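Peer 1:
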Amino acid sequence: MLETVERLGSSAPKLNAVKLAVWLHDVIYDSKASDSEVRSAEFAERLCHDLSIPEGRIVASLILKTKTHDAEDDPDAKVLLDADLAILGASERVYQNYAEQIRQEYAWVREQDYRVGRQQVLTKFLSRPKIFHFLSHLEEPARRNISAEIAQLARV
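In numbering that gives the first Met the number 0, the protein residues as written are 0 to 155.
So, in structure tokens, the structure goes:
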């Protein structure tokens, strides 16, 4: 993610806040919880306060946007979210490895329930007019990878 943020850095007015958000966006992660982003944002804001980093609220706000992947009109969020989603446009082999890792993270979920839930998540990305804000070259491979995963998940 940091490499992608560096490449897109000229599009991020608050680049240091975006970099901090990359480091801290999953500092608290529990696949069984629905508030990991909120808790990570709170942690980031406290940490920035404790370290006298003035961008704490901005970092927290960016982290919260990783829950919905809606950047609104925030260029910093667009950079962060593109970096977060760049894996979707990776090579087929890299993407398949990523998909297997996601399944491992949710190993506690029954297979059928996982298939249904994962398909719903992926279908939301496909329904967007654009997945990426700046990484348009990844749009086609991402849609191909997502469609292939959905097809695989649909097989019984």
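For each residue, glycine too, the CB sits at the ideal point set by N, CA and C. Because the structure is a prediction, the values reported are computed rather than measured.
Tell me which same chain residues have a C-beta within less than 8 Å of the C-beta of Val108, skipping the five on either side of it?
Peer 2: Hits under 8 Å: Gly116.
Peer 1: Is Leu50 helix, strand or coil when you go by DSSP?
Peer 2: Here Leu50 sits in coil by DSSP.
Peer 1: Once DSSP output is grouped into helix, strand and coil, what is the label at Ala20?
Peer 2: It is helical.
Peer 1: Would you call Gly8 buried or exposed, if buried means 16 or more other Cβ atoms sit within 10 Å of its Cβ?
Peer 2: Label assigned to Gly8: exposed.
Peer 1: List in chain order: all unbroken beta strand (DSSP E) runs of 3+ residues lying wholly within the stretch 46–124.
Peer 2: For the stretch 46–124, not a single whole beta strand (DSSP E) run of length 3 or above is found.
Peer 1: Short of 8 Å in beta carbon distance, which residues of its chain neighbour Ile62, apart from the five on each side in sequence? Order them along the chain.
Peer 2: If we look at Ile62 and ignore the five residues flanking it on each side, its Cβ neighbours are Ala20, Leu23, His24, Glu36, Ser39, Ala40 and Ala43.
Peer 1: Measuring CA to CA, which of Asn144, Lys66 and Arg114 is closest to Ala32?
Peer 2: Ranking the options by Cα distance to Ala32, first place goes to Lys66.
Peer 1: Could you tell me if Asp83 is buried or exposed, where buried requires 16 or more neighbouring beta carbons within 10 angstroms of its beta carbon?
Peer 2: Asp83 comes out buried.
Peer 1: Check each candidate in Pro74, Ala85 and Pro128 and name the one with the smallest Cα separation from Val17.
Peer 2: Checked all of Pro74, Ala85 and Pro128; the closest Cα to Val17 is Pro74.
Peer 1: Between which two residues does the alpha helix (DSSP H) holding Val26 run?
Peer 2: That residue, Val26, is in no alpha helix (DSSP H); it is neither H nor E in DSSP.
Peer 1: Would you call Leu50 buried or exposed, if buried means 16 or more other Cβ atoms sit within 10 Å of its Cβ?
Peer 2: Leu50 is exposed by the Cβ-count criterion.
Peer 1: Glu148: buried (16+ other C-beta within 10 angstroms of its C-beta) or exposed?
Peer 2: Buried, because 16 or more other Cβ atoms sit within 10 Å of the Cβ of Glu148.
Peer 1: Taking 8 Å as the threshold (C-beta atoms), are Leu152 and Gln118 in contact?
Peer 2: Yes. Within cutoff.
Peer 1: Should Val78 and Val26 be called a contact, given that it needs their Cβ atoms to be closer than 8 Å?
Peer 2: No; because the gap between Cβ atoms is not below 8 Å, this pair is not in contact.
Peer 1: Determine the closest residue to Val120 out of Pro53, Val58, Asp72 and Ile101, with distance taken between C-alpha atoms.
Peer 2: Closest option to Val120, Cα to Cα, is Ile101.
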